[in-house]
Amino acid sequence: MRTKQLVAIAVFLSFSFSNAQECNLVLQGKIIDFHDSKPLELAQIYVVQLQKTYISKADGSYEISGLCPGTYDISVSHYDCETKRTKFEIDQNRTLDISLEHHISELETVKVLADVHDNHASTQSSTRINAEKIQQYSGASLGDALATVPGVSSLKTGNSVVKPIIHGLYGSRVAIVNDGLRQQDQEWGVEHAPNIDINTASNIQIIKGASALRYGGDAIGGTILIEPARVISKDTIRGHAILQGQTNGRGGSATTTINNYRASGWYQQATLTYKKLGDFEAPDYVLSNTGSETAAVNLGVGFKTFEYGASAKYSFYNSDIGILRASHIGSASDLVRSINSRQPLIINDFTYDIDAPKQQVAHHGLQFNAFKRFAGLGKLSMDYSFQFNNRKEFDIRRGANVGLASLDIDLQTQNISVYAVADAFEKTTYEAGIDYMNQLNRPNAETGVRRLIPDYDANKIGAFASLTHEPSEKWVLDAGLRYDRYDINATKFYLQSRWEDLGYDEQFAAFEISEQGNQIMTNPEFQYDLFAFTAGAKYLLDTHYDLAINLSSANRAPNPSELFSDGLHHALATIELGRLDLKKEQSYKVNATFHGNEGDLDFEINPYINFVNDFIQLVPNGLETTIRGAFPVFQYEQINARLYGIDLHATYDFWTKKTAEEMKTNPNEMIYKMEKLVRLETNFSYIHGTNSSNDLPLIDMPPLQFQNQVTWFNVLDSNIDFHVANQTVLMQNRFPDFDYTVDIPNDQGMLETVLVEISEPPEAYSLWNAGVSYAFAKANTKVNLSSNNLFNTQYRNYLNRQRFYADEVGRDIQLQIIYNF
């Protein structure tokens, strides 16, 4: 018995000694900054299995002892870093260095500053629209929201088709980048609005110039960056729902966004939007056939940590838009009568029906992204995207063709890009990238109507490099260079008479393939070498003022509409004629920005000048009568242009009060904050555009305008805000004279020559808007009640292509309910 007890004791002691040996393992290492490998002091290393926290020393080192062999979960955090969760296995003593991103707070500071005004780490002139402003425009278009920014206007076709204009330039001169994906939806058309749901945006940045080289060098007008909500590493669900109703159009919209985040790095995002509006109404009559219906879906799933991540996203946008019935005229007499009568020739009762003329657009987008960060260097990203855009335009047709689209175009675009940023260096950040685009345009040949835009294949390959250098706390310097090779190959039929009248039979004889009846089949091929360059400097005078200047040079190749248009553009009810001999545009722009913040005053002054050689513009040159009716004819021409102007923005807080709250951590201490009671916000924009080849004004230049808004915060109740706003647009006195004459029958049946005043701009106008909002703080709900065009003012907009036929919309009262969660 004693022998068995001794053996048991020996075995137990042996096991205990062995176990003590195994649970005496040590893990040690350093906590360092991912970018520059500098040590991080006071980092917390929490070991889940031990339920114990260890602290790093001044040199970043840490030590965890008494570990048994196995797998451990740890969480590493630092007051200035994003928390990192990882696992490690140990079966012997080992060293494990852990890197954290140490610049999170600095990045957030820059983002906050940018949301208020501009990007202080760049010399380019830019402005951001924040999430609150975006939500206010939930039921409107992207172009309407962008028009609140000084220097940005809107080119309209009615009230539902809105294109942004930046410093007088629009269309393919303005790049729209949606969540890193450059939008490709036939943006070259004057009445082709961006197929984008504004509700997917968390903030929107407008860059006024060709300095955003990552997204292309041809955006000589500017770049619009639409950015979604920031992904966070936290187990939470965030989002919002917005319901809106409006009296003008007698409809509204509903949208909801849900973001599901996980601490592991996984996330899902979804936005659903639906809008339905009937005919809009001017102050004195219904704008017949101007209703619209839109549905949009945006879905995303991804995995993101600081070191690496990947995502897949899908978007769908579908819109059915009515075109003012009175804009499709039947004869030259109708056009003259419409312009002179100041009232639409066709006025019907209100309806939600959308009949011809109308346009239907459907846009699909699929995007894959992946990135990897490299310690001590930076970040490498890869993107692939596929976009498919179908556009249909419906004319008023008879017989067997009723309901058949007159124009039906499929546009398919694929992009792939590789982008690298090296931001680990103390004073300099480097960026570089390469991208490739393939685009196929295929019009439907079964429409029974001559195709406006032909079949074409396009390829573009480009590369860029840029750097930002901060030699001191006072200076920011940046520069960049980009090159693109753009090839376009088309197949197009020309009427033989037109081909010869234009002299193409001699100038472009190499494009001719065959003759078929009275038509010539051609194969136009063009290659363009496009260069872009930007350089700038910013000087921080002190903590309140900074001055920046940016110089940029860029090329833009003629777009397919400018080259190949040859027929009736049904959505505009105009005949458009392109030109094969157009050359690429060359832009030279100087952009200066002076920003100041002194007490309750914040302001920015942005003067600029832009010289564009071989500028392409679309101008009217007469009237043509076809079997479908009489239509104004517009033709592309090329001249040299000079555009200069100035944008002003300022906010001033009139009255503030100081409130005090006890600090929760120490009741004996107080914290103070300033509450704004009244704020004045003002914008001013002026642009002077000149055709320097002929010393004439440029067509379609935005007139001088002012925007002012006064907001009273905490009116009567701490949760009630009230605002009143005014927009004053002066008459555009600088315009080219493209008026022409037509022969129309008079009352006696005799032909009479009449002047068609198609160039004259409308009179100045002033609009008043007002609104009140109430925030239910505990319910995370806000209610907005507003009235646009409060006094039901009758006016016409110079930048609306339908100003010849009808007034703009009248008073519109809107009720909006926003629930954030």
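Taking my numbering, I'd label the letters of the sequence shown as residues 431 to 1251. Note that beta-carbon positions come from the ideal geometry of N, C-alpha and C, so glycine has one too. These numbers were taken from a predicted model, which means no experiment stands behind them.
Query raised in the report: Per DSSP, what kind of secondary structure is V879 in: helix, strand or coil?
Result: coil
Query raised in the report: Going by DSSP, what residues sit across from Y1116 in a beta bridge?
Result: I1076
Report task. Mind checking who W1085 pairs with in its DSSP beta bridge? Result -> In DSSP, W1085 forms no bridge with anything.
Query raised in the report: Run through DSSP, which three-state label would P990 get?
Result: helix
Query raised in the report: In the structure shown, what three-state DSSP assignment does G739 receive?
Result: strand
Report task. Give the straight-line distance between the Cα atoms of H1079 and A1022, rounded to the nearest whole angstrom. Result -> 14 Å
Report task. Mind checking who I528 pairs with in its DSSP beta bridge? Result -> I461
Query raised in the report: Cα separation between H547 and I943?
Result: Because H547 carries a pLDDT of 46, less than 50, the predicted location of this residue cannot be relied on, and the following value inherits that uncertainty. If you take the alpha carbons of H547 and I943, they lie about 56 Å apart.
**Report entry** I1101, buried or exposed, once every other Cβ within 10 Å from all chains shown has been counted against 16
**Finding:** The predicted position of I1101 is uncertain, since its pLDDT is 46 and thus under 50; a value taken from the coordinates is nonetheless stated next. Classification for I1101: exposed.
**Report entry** Cα-Cα separation, Y697 to S1216
**Finding:** 36 Å
Query raised in the report: Excluding five sequence neighbours on each side, which residues of the same chain lie with their C-beta closer than 7 Å to the C-beta of Y1249?
Result: H670, A671, N1210, T1211
Query raised in the report: How about the stretch 618-627 and the stretch 581-599: do they share at least three Cβ pairs that are nearer than 8 Å?
Result: yes
Query raised in the report: Does the beta-carbon of R880 have 16 or more other beta-carbons within 10 angstroms, so that it is buried, or is it exposed?
Result: exposed
Requested in this report: Would you tell me roughly how many angstroms separate the C-alpha atoms of L1134 and F1165, rounded to the nearest one?
Outcome: 13 Å
Query raised in the report: Where do the ends of the beta strand (DSSP E) carrying K482 lie?
Result: 482-485
Query raised in the report: Buried or exposed: which applies to A642, given that a residue is buried once 16 or more other Cβ atoms fall within 10 Å of its Cβ?
Result: buried
Query raised in the report: Ordered along the chain, which non-local residues of its own chain (more than five positions away) have a Cβ less than 6 Å from that of K734?
Result: V661, G695
Query raised in the report: By Cβ distance, which residues of its chain are closer than 8 Å to D545, with the 5 residues on each side in sequence left out?
Result: In this predicted model, D545 has a pLDDT of only 37, less than 50, meaning its place in the structure is not dependable; the value taken from the coordinates is given anyway. Cβ neighbours of D545 beyond the five flanking positions: R558, N560, N633.
**Report entry** Residues near R1241 in its chain [Cβ-Cβ closer than 8 Å; skip 5 each side]
**Finding:** T677, N678, P713, S1217, N1218, N1219, L1220, F1221, N1222
Query - Continuous beta strand (DSSP E) stretch holding V1213: start and end - result: 1211-1218
Query raised in the report: Helix, strand or coil for S982 per DSSP?
Result: strand
Report task. Mark M1131 as exposed unless 16 or more other C-beta atoms lie within 10 angstroms of its C-beta, in which case mark it buried. Result -> buried
**Report entry** Extent of the continuous beta strand (DSSP E) to which N1250 belongs
**Finding:** 1242-1250
**Report entry** Span of the alpha helix (DSSP H), counted from its first residue to its last, around N1252
**Finding:** Outside the modelled stretch of the chain, which goes from 431 to 1251, sits residue 1252, for which no answer is possible.
Report task. Out of I656, F736, A726, K706, state which residue places its alpha-carbon closest to the alpha-carbon of A693. Result -> F736
Query raised in the report: Is N778 helix, strand or coil when you go by DSSP?
Result: coil
Query - S995 beta carbon less than 7 Å from that of Y1018 - result: no
Query raised in the report: Who are the near neighbours of Y430 in its chain, counting only those whose CB is closer than 8 Å to its CB and skipping five residues on each side?
Result: The requested residue 430 is not part of the displayed model; the chain covers only 431 to 1251.
Requested in this report: Decide if N980 is buried, meaning its Cβ has at least 16 other Cβ atoms within 10 Å, or exposed.
Outcome: buried
**Report entry** Where the alpha helix (DSSP H) through R1231 begins and ends
**Finding:** Counting along the chain, R1231 falls outside any alpha helix (DSSP H), and DSSP gives it neither H nor E.
Query raised in the report: Given that a residue counts as buried once 16 or more other Cβ atoms are within 10 Å of its Cβ, and exposed if not, what is C453?
Result: exposed
Requested in this report: Mark F1206 as exposed unless 16 or more other C-beta atoms lie within 10 angstroms of its C-beta, in which case mark it buried.
Outcome: exposed
Report task. Assuming D750 contacts P787 (C-beta within less than 8 Å), just tell me the rounded distance between them. Result -> Incorrect: roughly 12 Å between the Cβ atoms, too far for contact.
Query raised in the report: In this structure, what does DSSP give as the bridge partners for F855?
Result: According to DSSP, which records beta bridges pairwise, F855 is partnered with nothing at all.
Report task. On a CA-only basis, which of N625, F1143, G739 is nearest E617? Give me that one, please. Result -> N625
Requested in this report: Pull up the DSSP beta-bridge partners for K788, would you.
Outcome: G752, F824
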